[in-house]
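In my numbering, the protein residues as written are 572 to 786.
Here a beta-carbon is modelled for each residue, glycine too, at the ideal position from N, C-alpha and C.
Heads up, the thing below is written out as structure tokens.
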Amino acid sequence: EFNYNGNASPQFQTYFGWVKQHLKLLHPVLITAFVKGLSDPDYDHIMLATGFTSSNFTTYNSTDQLYFNDCFSSQVSIRTASTLNDIRSMLVNGAKYPFCIPTKICYGCAVLGIQDTSARALPVSITLGNWTEPNVIAGVAPSTLSASVSVNGLVVGKSYSLFRYNDYRKVPTANYTASAYSTVRNFVASGTMANFTESIISNGVAIFRCVPTGS
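See the structure below:
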């Protein structure tokens, strides 16, 4: 988490350098933004930063470019660093862009990976068949999403278990076989990667862990 209490205001340039350092390490970063027309004093919206272009990896440069998902479009957003920040009034960069990172106090969390004290969990990725979902906050009924769940790093001929958890509070860091999982798929690897199709309710939770069977 970005140390907003330990950095002097305005924080944007320090924050931007922190984001770059994590992206260099391949850590996606949840960044926060003001939205034009809204009024929360801290931030209105959360977005995911996934990459950048720059001449260095540690500090802010006005010509840097940040790549992020604004969660409103299926396309990657690209913004030059000098256009990214504004204060709550959104009258400078916010006059041109719908989202701006706060200039004074910044919030963010880097995604470092799963907690796995067993050191046996394999890389799992999820691809959804549709990037949109119903607005349940507005009263629209949730939909069922089709998800492709991919497991990498398998050893051919070895047995594995893919556990699914529909409650984040039940996800363990070890002893997966004895955990309160929702479902499990047991399989023998025929290649170094395996794909499975899962259905996920759009307003629900689905968390996956894949380990050698018996872990």
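Straight-line Cα distance separating residue j from residue i
i	j	result
T603	Q686	24 Å
T654	V782	44 Å
T630	L619	19 Å
G684	G588	20 Å
S750	R740	11 Å
G577	T585	11 Å
A681	I771	25 Å
V742	S773	20 Å
S753	A709	29 Å
S714	D615	25 Å
S580	F643	29 Å
D641	V776	21 Å
M661	P599	26 Å
V663	H593	28 Å
E769	T744	22 Å
G762	V707	39 Å
Other residues of its chain near residue i: CB distance less than 6 Å, five sequence neighbours each side excluded
i	result
L699	L716, A718
I649	Q636, Y638
V647	Y638
I697	A718, V720
P669	K607
Nearest residue (CA-CA) to residue i, options the options
i	options	result
Y575	H616, C677, R691, S610	C677
F623	S770, F639, D613	F639
M764	Y731, V682, L683	Y731
N757	K729, I672, N706, Q582	K729
S854	P743, S580, I658, R740	Look at the range of the chain in this structure, 572 to 786, and you will see that residue 854 is not part of it.
Q821	N774, D613, V776, L596	This structure cannot settle anything about residue 821, because the visible part of the chain is limited to 572 through 786.
L597	I697, A579, T621, S580	T621
C652	A745, C642, N632	Checking the sequence, you will find Ala at residue 652 rather than Cys. Checked all of A745, C642, N632; the closest Cα to A652 is N632.
T548	S580, S660, V755, S714	With the chain running from 572 to 786 in the structure shown, residue 548 is simply not present.
Close beta carbons around residue i, own chain, < 7 Å, minus the five adjacent residues each side
i	result
S786	S689, R691, Y747, T748
I617	L601, T603
F645	According to the sequence displayed, residue 645 carries Ser and not Phe. Result list for S645: W702, in chain order.
Local conformation of residue i per DSSP, three classes
i	result
R740	helix
H598	coil
I708	helix
A620	strand
V755	strand
Y731	strand
Y638	strand
K749	Note that residue 749 is Ala in the sequence shown here, rather than Lys. It is helical.
N578	coil
S653	helix
V726	coil
CB contact flag (residue i, residue j, <8 Å)
i	j	result
P694	N723	yes
G665	K607	yes
V720	A760	no
T674	N656	yes
F767	F734	no
C671	F605	yes
K595	F628	yes
K591	S625	yes
Own chain residues within Cβ distance below 8 Å of residue i, not counting five before or after
i	result
V711	P705
Heavy atom of the ligand FAD within 7 Å of residue i beta-carbon
i	result
T715	Absence of the ligand FAD is noted for the structure shown, with no ligands found whatsoever.
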